[in-house]
Amino acid sequence: MAKIVIFDYGVGNLLSLKVALEKADLNVVIGTSAKSLSETDAIALPGVGSFGPAADKLSLVKQTLQTKVEEGTPILGICLGLQLFFEQSQEGTGKGLALFKGKNVQLPQSVKVPHMGWNTLNIVKSNELFDGIPDETYVYFVHSLYPVPEDQDIVCTKTEYGVSFTSSVVRKNIYGTQFHPEKSGDVGIQILKNFAKTVVR
639 MAKIVIFDYG VGNLLSLKVA LEKADLNVVI GTSAKSLSET DAIALPGVGS FGPAADKLSL
699 VKQTLQTKVE EGTPILGICL GLQLFFEQSQ EGTGKGLALF KGKNVQLPQS VKVPHMGWNT
759 LNIVKSNELF DGIPDETYVY FVHSLYPVPE DQDIVCTKTE YGVSFTSSVV RKNIYGTQFH
819 PEKSGDVGIQ ILKNFAKTVV R
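Numbering (the numbering used here), first residue to last: 639 to 839.
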């Protein structure tokens with residue numbers, strides 16, 4: 639069974655993500671070190687916490703993460719984890735992983751923030767992560783910011799909430815969702831199973 643490490647930023651409850659990834663038939667380990675990342679078949683960056691402290695924690699393993707990505711190891715970023723793929727955020731200081739050019743910005747003041755609850759995915763670019771997932775499928779969100787990629791070719795889905803925002807990205811072995819698959823019922827488990835299919839032990 640392929641192994642995936644959930645990297646723990648030191649914040650939030652990771653149990654729901656661990657359980658969901660186990661349902662996707664992955665051997666799940668929670669890790670905090672560069673060594674744990676270097677010895678895994680896939681990596682998940684979870685979706686709880688704030689950008690600055692998480693970026694600081696990631697800076698300790700940034701080189702290892704970037705090397706694993708360059709080697710083709712699948713990486714999944716969820717919510718904050720997706721935002722950390724980019725260079726910076728309006729949420730606070732700290733430098734992201736810069737796997738993609740772009741930044742994270744606040745949702746407009748015209749809507750209630752955080753955006754919390756079920757909303758739909760508008761699939762703008764089909765790929766393996768959304769195999770078998772129909773357009774306009776509902777998934778679960780909890781966030782106040784969203785990514786603005788410079789390269790729109792990486793955008794897979796968009797979602798409407800005061801603005802049409804990027805709700806998932808994919809490029810090669812890098813996958814990111816602004817929504818929480820682990821809180822999105824059977825649809826979320828299917829998305830995680832699709833991700834698991836990209837992991838080669």
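Ideal Cβ positions, reconstructed from N, Cα and C, are used throughout, including at glycine.
As the structure is a computational prediction, the values presented were derived from the model and not from experiment.
Asked: Let me check understanding here. Comparing Cα to Cα, which of Pro-787, Leu-703, Lys-763 and Gly-719 lies closest to Phe-817?; Found: Gly-719
Asked: Is Gly-730 near Phe-689, with beta carbons less than 8 Å apart?; Found: yes
Asked: Kindly indicate which residue of Phe-833, Val-657 and Ala-640 has the alpha-carbon position closest to the one of Ile-771.; Found: Phe-833
Asked: Contact check, Val-825 vs Ala-680 under 8 Å by CB: the rounded distance?; Found: Not a contact, Cβ separation roughly 20 Å.
Asked: In angstroms, rounded to a whole number, what distance separates the CA positions of Ile-668 and Asp-646?; Found: 6 Å
Asked: Taking Asn-765 as part of the alpha helix (DSSP H), name the residues at either end of that continuous run.; Found: From DSSP, Asn-765 is part of no alpha helix (DSSP H); its letter is neither H nor E.
Asked: Which residue comes first and which comes last in the alpha helix (DSSP H) that contains Thr-782?; Found: Note that residue 782 corresponds to Ser in the displayed sequence, not to Thr. From DSSP, Ser-782 is part of no alpha helix (DSSP H); its letter is neither H nor E.
Asked: Evaluate contact between the region 738-751 and the region 701-716, counting only Cβ atoms and requiring at least three cross-stretch pairs below 8 Å.; Found: no
Asked: If we count Cβ pairs, one from each stretch, closer than 8 Å, do we get three or more for the region 761-769 versus the region 686-702?; Found: no
Asked: Grab me the residues of Gly-773's own chain with a C-beta within less than 6 Å of its C-beta, minus the 5 sequence neighbours each way, in chain order.; Found: Position check: residue 773 holds Asp in this sequence, whereas Gly was assumed. Within the same chain, Asp-773 has close Cβ partners Ile-761.
Asked: Run through the DSSP bridge pairs and tell me what Thr-670 is partnered with.; Found: According to DSSP, which records beta bridges pairwise, Thr-670 is partnered with nothing at all.
Asked: Can you tell me whether Pro-752 is buried or exposed? The criterion is at least 16 other CB atoms within 10 Å of its CB, across all chains shown.; Found: exposed
Asked: Looking only at its own chain, which residues have a Cβ that is under 6 Å from the Cβ of Leu-714, when we skip the five neighbours before and after it?; Found: Ala-682, Tyr-813 and Phe-833
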